[in-house]
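J.: This structure is in structure tokens; I'll ask about it shortly.
In the working numbering, the protein residues as written are 8 to 479.
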């Protein structure tokens, strides 16, 4: 059916010239990769990148063959026949309004991915080998960094922990409702003015500590809440908005008589350190906050680090919880810096002014999703790096600013998962593509623009107009 739709749109599908498709793509990727190499090795101030010369019409013919091979059960032949691409398929991407967000590696050939954002109808897809099926819908899911705990949040707000996806939950943590996002320590004069949050979930990020005792839920519409083990029971603590992060001052400044106060949460983002000691949080009109949650019932400001471009947008901890990386954006660009956590206690740095504790990791990406690639998954095997998945490109860079690799994936990232057990990186994109990467194997020849770019082993296409997702 999808092939018939393509024929109706572009006319009769012509024969596919695989040699021309691959030759043009490799020449384009090779040129851009050489430019990026010159840039990252300091020989050029900026790379002079070309656009993919392959047309939408060429893309339509290739796509028709990809569909045909998938329908015939010959999906493994697609990658051998056609190199992957992005730009020639933009017209098709734009017909599908739901990009890919949460993703998880479940095994060497098993994956979970979410189609749709928190404000859309979502579909949870389970991939096992060549089989791609709709799974029971989840609101959000994530592994702990040590891959010992698999966190799921159901659409009704139920939170569970299990040793893996599909396993019997070890713990039914609790049901998170709107009441969890109301500050308990507001002055009496302001309590009635705080608008009661709804029960609707809007999760954009979730995380669980390596010991399984702390869970962080970042809800784009309501705030950031920490769930923590207290004896044999679970309790909750609102991290943001918070009194110790200027909530009272904001309310008194913004409130008019007889009005309700709704927190300003644009671009709200938060993450939990793997050791469960810190939360990094921020949003558009605020700074980069490090919150100490050693006593989870009484979170305290540890540091406030000024952003170096316009709007705080993302945060990530290293695997050892020793460093934190913060990204701020300006339109589709941005700046990311890292800081040693033990060097910034009590620090409050100025907006736009780089402090000596801030090492610039990247000066051009707006980061949408992030992770950490351990040394065991790098070609040098000496030092791991922050994975900064941005608008169009993903950059992997050490905490001291050494770029390990960069790869163009085309669209804005929606989610990443890094799995040391399998050595794989999974990258979900708003293009509707899901990319499987091997960072210990450098692409040769370049099929995608990049610098020391990893090999893309496989990709899947999830578009609403498809009867079934495609394997490429």
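We put the beta carbon where it would ideally sit given N, CA and C, even for glycine.
Report the partner residues of residue 414 according to the DSSP bridge assignment.
T.: In the DSSP output, where bridge partners are listed per residue, residue 414 has 401 and 457.
J.: Using 10 angstroms around the beta-carbon of residue 475, count the other beta-carbons present and answer buried if the total reaches 16, otherwise exposed.
T.: Classification for residue 475: exposed.
J.: What's the gap between the Cα of residue 272 and the Cα of residue 306?
T.: Approximately 19 Å, taken between the alpha carbons.
J.: Judging by CA-CA distance, which residue of 433, 211, 123 and 217 is the nearest neighbour of residue 152?
T.: It is 217 whose Cα lies nearest to the Cα of residue 152.
J.: Around the C-beta of residue 440, are 16 or more other C-beta atoms found within 10 angstroms, so that it is buried, or is it exposed?
T.: Buried, since its Cβ has 16 or more Cβ neighbours within 10 Å.
J.: Could you check where the beta strand (DSSP E) with residue 3 kicks off and where it finishes?
T.: The shown model of the chain, from 8 to 479, leaves out residue 3, and the question about it has no answer.
J.: Can you name the start and end residues of the beta strand (DSSP E) that residue 236 belongs to?
T.: Residue 236 -> beta strand (DSSP E) spans 230-237.
J.: Would you mind sorting residue 387 into buried or exposed? The rule is 16 or more other CB atoms within 10 Å of its CB.
T.: Answer is exposed; the Cβ neighbour count stays below 16.
J.: Applying the 10 Å Cβ sphere with the 16-neighbour rule, what's the burial state of residue 414?
T.: With 16 or more Cβ atoms within 10 Å of its Cβ, residue 414 is classed as buried.
J.: Could you spell out the range, first to last residue, of the beta strand (DSSP E) harbouring residue 319?
T.: Element bounds for residue 319: 318-324.
J.: Tell me which residue opens and which closes the alpha helix (DSSP H) that residue 27 is part of.
T.: 25-47 is the extent of the alpha helix (DSSP H) around residue 27.
J.: Buried or exposed for residue 3, going by 16 or more other Cβ atoms inside 10 Å?
T.: Past the edges of the chain, shown from 8 to 479, lies residue 3, and the structure says nothing about it.
J.: Once DSSP output is grouped into helix, strand and coil, what is the label at residue 88?
T.: Of the three classes helix, strand and coil, the one that applies to residue 88 here is helix, per DSSP.
J.: For residue 241, which residues does DSSP report across the bridge?
T.: Beta-bridge pairing links residue 241 to 236.
J.: Are the stretch 70-77 and the stretch 397-406 touching, with three or more C-beta to C-beta distances below 8 Å?
T.: Segments in contact, no.
J.: Indicate whether residue 213 and residue 168 have their beta-carbon atoms separated by less than 8 Å.
T.: Cβ atoms of residue 213 and residue 168: not closer than 8 Å.
J.: State buried or exposed for residue 341, treating a residue as buried only when at least 16 other CB atoms are found within 10 Å of its CB.
T.: Residue 341 should be labelled buried.
J.: Going by Cα to Cα distance, which pick from 139, 229, 26 and 194 is closest to residue 125?
T.: With distances taken between Cα atoms, residue 125 lies closest to 229.
J.: Out of curiosity, what's the CA-to-CA distance linking residue 430 and residue 359?
T.: About 37 Å.
J.: Tell me which residue opens and which closes the beta strand (DSSP E) that residue 177 is part of.
T.: First-last for residue 177: undefined, no H or E at that position.
J.: Pop quiz: residue 235 and residue 303 are said to be a contact at Cβ under 8 Å. What is the actual Cβ separation, rounded to whole angstroms?
T.: Right, the Cβ-Cβ distance comes to about 4 Å (below 8 Å), so this counts as a contact.
J.: Taking all protein chains shown into account, decide if residue 339 is buried (16 or more other Cβ within 10 angstroms of its Cβ) or exposed.
T.: With fewer than 16 Cβ atoms within 10 Å of its Cβ, residue 339 is classed as exposed.
J.: What are the partner residues of residue 340, as DSSP defines its beta bridges?
T.: According to DSSP, residue 340 bridges with 337.
J.: Against chain C, with Cβ distances strictly below 8 Å, would residue 397 count as a contact?
T.: The structure shown contains no chain C; it is built from a single protein chain.
J.: Taking 8 Å as the threshold (C-beta atoms), are residue 107 and residue 421 in contact?
T.: A contact, by the Cβ cut-off of 8 Å.
J.: Might you give, ordered along the chain, the residues of its own chain that have their beta carbon closer than 6 Å to the beta carbon of residue 464, omitting 5 neighbours on each side?
T.: These residues qualify, in order along the chain: 443 and 445.
J.: Is residue 40 closer than 8 Å to residue 408 when the C-beta atoms are compared?
T.: No.
J.: With C-beta atoms as the reference, is residue 361 less than 8 Å away from residue 312?
T.: Contact flag unset, no.
J.: Indicate the three-state DSSP secondary structure (helix, strand or coil) for residue 369 in the structure shown.
T.: In the structure shown, residue 369 sits in a strand (DSSP, three-state: E or B).
J.: What first and last residue would you give for the beta strand (DSSP E) that runs through residue 107?
T.: Per DSSP, residue 107 belongs to the beta strand (DSSP E) from 107-114.
J.: Give the single residue among 290, 43 and 139 whose Cα lies nearest to the Cα of residue 468.
T.: Considering only alpha carbons, the answer is 139.
J.: Should residue 121 be labelled buried (16 or more other beta-carbon atoms within 10 Å of its own) or exposed?
T.: Buried: at least 16 other Cβ atoms inside 10 Å.
J.: Going straight from the alpha carbon of residue 128 to that of residue 109, what length do you get?
T.: Cα to Cα, the separation comes out at about 14 Å.
J.: Quick one: is residue 15 buried, meaning 16 or more other Cβ sit within 10 Å of its Cβ, or exposed?
T.: Bear in mind that the predicted position of residue 15 carries a pLDDT of just 48, short of 50, making it unreliable; the figure below should be weighed with that in mind. Exposed, because fewer than 16 other Cβ atoms sit within 10 Å of the Cβ of residue 15.
J.: For residue 466, count neighbouring C-beta atoms within 10 Å of its own C-beta (all shown protein chains included) and say buried if the count is 16 or more, exposed if not.
T.: By the 10 Å Cβ count, residue 466 comes out buried.
J.: On the DSSP bridge assignment, give the partners of residue 431 in chain order.
T.: 426.
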